[in-house]
Amino acid sequence: MSHTILVTGATGTVGSELVLALANRGVTVRAGVHSIIKGDRFSHITSGVQLVEMDFHKPESLHVALTGVGRVFMITPVTEDQVAISKQFIDIAKQAGVRQIVRLSVIGAEAEPGTQFGRWHREVEKYLEQSGLAYCILRPGGFMQNFVEQYGPSIRREGKFYLPLGEAKVAYIDVRDIAAVAATILTADIKQHQGKAYTLTGPAAVSGQEIAQAISKACGRAVEYVDVPEAAARQAMAQQLPAWLTDALLELHAISRAGYAADTTSTMQELTGHAPHTIEQFAHDNQHCFHPAS
């Protein structure tokens with residue numbers, strides 16, 4: 024029986040944190056990466072991490088990545104065919120003898136009719152539930168790390184970040200907390216979390232203004248949140264993203280504006296015994312990401 028854990032999307036925001044969390048627990052981790060070169064970020068880990076190239080659109084690479092794996096943390100790329108490639112991955116995992124899949128979904132996936140992102144994820148959840156594999160589902164809220172990855176450039180360049188959220192509050196979660204929960208589940212007895220779906224949030228819902236204040240305090244410079252009309256946001260996003268993704272993201276923002284992203288849960292602390300990171304802790308720990316480029 025293999026104890027190797029495959030983490031797909033291992034160089035992404037959540038995946039990279041989970042690889043580190045599992046390695047720190049002494050677990051044998053197989054990091055699924057699109058390119059071995061990208062896997063260099065794990066070079067400082069002396070043992071316990073295997074790199075494997077995998078592409079969700081190349082089934083043969085999935086067979087290789089899943090061979091000899093006991094458990095999987097499944098992160099699917101955000102593509103227009105994400106449902107189809109997710110189902111294919113589950114089929115191949117079952118063929119390979121995988122015993123458990125822990126699936127990264129999205130908050131509110133169980134809601135009807137829900138959002139487009141939620142419907143995509145729920146269809147995959149249902150397929151996993153009916154696969155015969157042991158499974159657990161994580162449904163996190165918006166990532167605090169988006170303020171580094173997506174909005175960091177404008178913060179560094181202008182001291183501003185732009186979002187069509189008005190005064191809405193969102194219970195953002197630090198991806199380190201998602202990784203901590205995932206590592207806890209993946210190293211526990213499989214039966215302990217079988218069939219469970221956990222909604223994960225940060226400790227408090229915060230507004231754009233409160234996030235700006237936290238970042239300002241952490242990096243010692245004024246940072247401003249700019250509320251953007253949805254039409255302007257759509258125009259800006261359409262220059263960089265396909266229409267299907269623009270529509271889905273704007274729908275999430277609309278849900279947040281309506282107050283549906285403000286609820287918090289205590290699940291993270293209940294599962295790990297640790298309190299989730301606050302927005303102030305996140306800003307402090309990532310302050311170097313917000314300083315102007317020299």
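Letter by letter, the sequence shown follows residues 24 to 317 of the working numbering.
Note that the Cβ used here is the ideal one computed from N, Cα and C, for glycine as well.
Remember, it's a predicted structure, so these values are computed and weren't measured experimentally.
Practice item. Could you say which of His307, Met260 and Ala157 lies nearest to alanine 318 if we only look at CA atoms? Key: The chain is shown only over 24 to 317; residue 318 falls outside these bounds and no answer can be derived.
Point to revise | Own chain residues within Cβ distance below 8 Å of threonine 287, not counting five before or after | key: Ala194, Thr224, Gly225, Pro226, Ala227 and Ala228
**Study point:** Beta-carbon proximity of valine 92 to serine 177, cut-off 8 Å
**Key:** no
Check your understanding: Helix or strand or just coil, what does DSSP make of glutamine 217?
Key -> coil
Review point. Where does the unbroken alpha helix (DSSP H) through lysine 117 begin, and where does it stop?
Key: 105-118
Check your understanding: Are the beta-carbon atoms of valine 147 and lysine 192 separated by less than 8 Å?
Key -> no
Exercise for review: Could you spell out where the alpha helix (DSSP H) holding glycine 175 opens and where it closes?
Suggested key: 175-181
Point to revise | the segment 209-218 / the segment 247-257 touching (three or more Cβ pairs under 8 Å) | key: no
Exercise for review: With DSSP as the reference, label arginine 162 as helix, strand or coil.
Suggested key: strand
Check your understanding: With a CB to CB cut of under 7 Å and the five nearest residues on each side skipped, what residues in its chain are close to leucine 151?
Key -> Ile113, Ile124, Arg126 and Tyr158
Review point. Nearest to threonine 290 by CA position, among Glu172, Lys219 and Gln258, is which residue?
Key: Lys219
Point to revise | Cβ-based neighbour list, glycine 155, same chain, cut-off 8 Å, excluding 5 preceding and 5 following | key: Lys117
Review point. Relative to the alpha-carbon of proline 100, which residue among Val121, Met77 and Leu161 has its alpha-carbon at the smallest distance?
Key: Met77
**Study point:** Spatial neighbours of phenylalanine 140 in its chain, beta-carbon cut-off 7 Å, leaving aside the 5 residues before and after
**Key:** Val129, Ala271 and Leu275
**Study point:** Bridge-paired residues (DSSP) for valine 50
**Key:** Paired residue(s): none; valine 50 is not in a bridge.
Review point. My guess is that valine 198 and valine 37 are in contact by the Cβ rule of under 8 Å, so how many angstroms apart are they, rounded?
Key: 5 Å
**Study point:** Cα-Cα separation, threonine 269 to glutamate 103
**Key:** 12 Å
Point to revise | Bounding residues of the beta strand (DSSP E) (the contiguous stretch that carries isoleucine 124) | key: 123-127
Check your understanding: Hey, phenylalanine 166 and phenylalanine 184: beta-carbon distance below 8 Å or not?
Key -> no
Practice item. Could you check what DSSP says for methionine 97 in three-state terms: helix, strand or coil? Key: strand
Check your understanding: In three-state terms, what does DSSP make of serine 230?
Key -> strand
Review point. Cα separation between threonine 51 and histidine 57?
Key: 19 Å
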